[in-house]
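S.K.: Numbering (the working numbering), first residue to last: 36 to 452.
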RNA sequence: CGGGGUGUAGUGUAACGGCUAACAUUCCUGUUUUGGGAACAGGCGACUCCGGGUUCGAAUCCCGGCGCCCCGACCA
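Next comes the structure, spelled out in structure tokens:
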């Protein structure tokens, strides 16, 4: 991608109506656009990051048997009535609307009931189970207060997986697999070292749910981390009885602020009972399907990465989710330099390496450097009179202070390593 | 939803109740530049959030609405 063609550009000033670091940097660097409080559009750079995050999640969900679908954002009232969740007193974040004939509809807050109802058409026998179905789909939540940039929004894409199992034992096997998949996701996205599986309140049907909490001072939640065991306890379930049942000692725990980047939940038969999702066992007995739900918000994940990985100059993207792998800067516009830069650009493209080429001829070196630091692509390579005179390309990682001159092959090795 | 704050060119800010609403940046024209947001010259861009009120006179004071930010509550 040539930067001269990119429709976004960076801003010098921070937005006045954003206090959070994630929104400030993402808006300045041109990754997102704020439409209104809690509603953000994704621009080319931001969308590339989101797609990479989604693909990592997709790979991990597929690896544990997930099958991807997309359900609708428009939902019928009757879908949510059996669990009493159409009631605004039960679910207070509904956006509701109407057909022309006054039929009430809701904009999807979540999809447990919708998918359970849908599955009644496809699951009748123990032979049809287990099934693991997921989607990346837009949720609408009429939050009383959107906040923290893209961390808590009114419209957002969520990866939600639903598991349909014959019984609790079968469910538990998948549930444990999902924990590992989630750990892989956060590791691959680049925040594994700060993310803890966290015991949280489980609602009516299980003692705990599990949250994945990433340590950051801007987090909404308070958790107590046992560093040695690599687990944490959400403050909401923190008491002596819980500590005892988990075999955790109070003195091993450190209190931290954290943001919930994922949540896995045993639903049991709440929805299958209410919506009639049943199957016949081998013995011909009718049983309710045993369910779980598993959520991650790619947008919030992106925001969390920015909160956790940045410096005073800008974002520092982990390689796996960076919008591009290489930021190629052309400094000075004489023919030799341009030729050298164009040449490197096409060679990298041939090798299948994603590169953002700052080919702007009317932009000063300082501005290009500043933009590059702000956008935060992992590798910066400079082609200039100086680098050409030095006989190579000047490569610097975003996290490094100083660059070095390398040949094309050396550069390639660096990128592939 | 309670409390606090805030609203002025695309963006960030300034302006005692009083002159043509100022500065920077972005953008446009030209010249000159190209290793850390370059220099010079010229130019475009504002119904000061909306509606009322007070006043000879309102961006400025008052009332109402709306937007945005923060704290809290909420987070199925």
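Each residue gets a CB set at the ideal place from its N, CA and C atoms; glycine is no exception.
Just to confirm, does residue 64 get its C-beta within under 7 Å of one of the non-hydrogen atoms of the ligand NAD?
M.R.: As for the ligand NAD, it is missing from this structure, which has no ligand bound.
S.K.: Suppose the cutoff is 7 Å on Cβ atoms and the five residues either side in sequence are ignored; what does the same chain contact list for residue 427 look like?
M.R.: Excluding positions up to five away in sequence, the list reads 440, 441, 442.
S.K.: Excluding the five sequence neighbours on either side, which residues of its own chain have a C-beta within less than 7 Å of the C-beta of residue 343, listed in chain order?
M.R.: These residues qualify, in order along the chain: 226, 229, 249, 251.
S.K.: Given a threshold of 16 other Cβ atoms within 10 Å of its Cβ, counted over all protein chains shown, does residue 381 qualify as buried or as exposed?
M.R.: The residue in question, residue 381, is exposed, as its Cβ has fewer than 16 Cβ neighbours within 10 Å.
S.K.: In chain order, what are the residue ranges of uninterrupted alpha helix (DSSP H) at least 4 long that sit wholly in the segment 365-405?
M.R.: Segments of the alpha helix (DSSP H) lying fully in the segment 365-405: 370-385.
S.K.: Counting along the chain, where does the beta strand (DSSP E) carrying residue 243 start and finish?
M.R.: Where residue 243 is concerned, the enclosing beta strand (DSSP E) stretches over 243-250.
S.K.: Give the DSSP bridge partners of residue 160, in chain order.
M.R.: In the DSSP output, where bridge partners are listed per residue, residue 160 has 315.
S.K.: Between the alpha carbons of residue 53 and residue 311, how many angstroms are there, rounded?
M.R.: Each residue's alpha carbon lies about 46 Å from the other.
S.K.: Run the CB neighbour count on residue 180, radius 10 Å, all protein chains shown included, and call it buried at 16 or more, exposed below.
M.R.: It counts as exposed.
S.K.: CA-CA distance, residue 422 and residue 78?
M.R.: Near 32 Å, if we compare the C-alpha coordinates of residue 78 and residue 422.
S.K.: Just how far apart, CA to CA, sit residue 247 and residue 221?
M.R.: So the alpha carbons of these two residues sit roughly 9 Å apart.
S.K.: Do residue 292 and residue 257 have their C-beta atoms within less than 8 Å of each other?
M.R.: In contact: residue 292 and residue 257 (Cβ atoms closer than 8 Å).
S.K.: Helix, strand or coil: which one does DSSP assign to residue 78?
M.R.: Three-state DSSP puts residue 78 in coil, outside helix and strand.
S.K.: Output yes or no for whether 8 Å exceeds the beta carbon distance between residue 300 and residue 272.
M.R.: Not closer than 8 Å, so no.
S.K.: Please return the same chain residues whose Cβ sits closer than 7 Å to the Cβ of residue 199, not counting the five positions on each side in sequence.
M.R.: Once the five neighbours on either side are set aside, the close Cβ partners of residue 199 are 154, 158, 164, 165, 166, 324, 326.
S.K.: Can you grab the Cα-Cα spacing for the pair residue 171 / residue 332, in whole Å?
M.R.: Roughly 9 Å separates the two Cα atoms.
S.K.: Just tell me which of 112, 375, 149 has its CA closest to the CA of residue 131.
M.R.: Of the candidates 112, 375, 149, the one whose C-alpha sits nearest the C-alpha of residue 131 is 112.
S.K.: Just curious, the alpha helix (DSSP H) that residue 149 is in, first and last residue?
M.R.: From DSSP, the alpha helix (DSSP H) with residue 149 extends over 147-154.
S.K.: Identify which residue in 123, 363, 209, 449 has its Cα closest to the Cα of residue 178.
M.R.: Checked all of 123, 363, 209, 449; the closest Cα to residue 178 is 123.
S.K.: Hey, quick one: how far does the alpha helix (DSSP H) through residue 71 stretch, first residue to last?
M.R.: Taken as a continuous stretch (DSSP letters only), residue 71 belongs to no alpha helix (DSSP H), being part of the beta strand (DSSP E) at 67-71.
S.K.: For residue 105, is the classification buried or exposed, using 16 other Cβ atoms within 10 angstroms of its Cβ as the cut-off for buried?
M.R.: Exposed is the call here.
S.K.: Rounding to the nearest angstrom, what Cα-Cα distance links residue 328 and residue 197 in this structure?
M.R.: About 5 Å.
S.K.: Of the choices 320, 109, 302, whose alpha-carbon is the least far from that of residue 142?
M.R.: Closest by alpha carbon: 109.
S.K.: For the beta strand (DSSP E) that contains residue 302, what are its first and last residues?
M.R.: Here the beta strand (DSSP E) through residue 302 covers 288-303.
S.K.: Is residue 479 helix, strand or coil by DSSP?
M.R.: Any property of residue 479 remains undetermined from this structure, which presents the chain solely from 36 to 452.
S.K.: Is the CB-CB distance between residue 351 and residue 411 below 8 Å?
M.R.: Going by C-beta atoms, residue 351 is nearer than 8 Å to residue 411.
S.K.: Residues in the same chain with beta-carbon distance under 8 Å from residue 202, minus the five sequence neighbours each way, listed in chain order, please.
M.R.: So the list reads 322, 325, once near-sequence residues are dropped.
S.K.: Can you check the segment 303-362 for any beta strand (DSSP E) of at least 3 residues that lies completely inside it and give the ranges in chain order?
M.R.: As far as the segment 303-362 is concerned, its whole beta strand (DSSP E) runs of at least 3 residues are 313-315, 321-323, 325-331.
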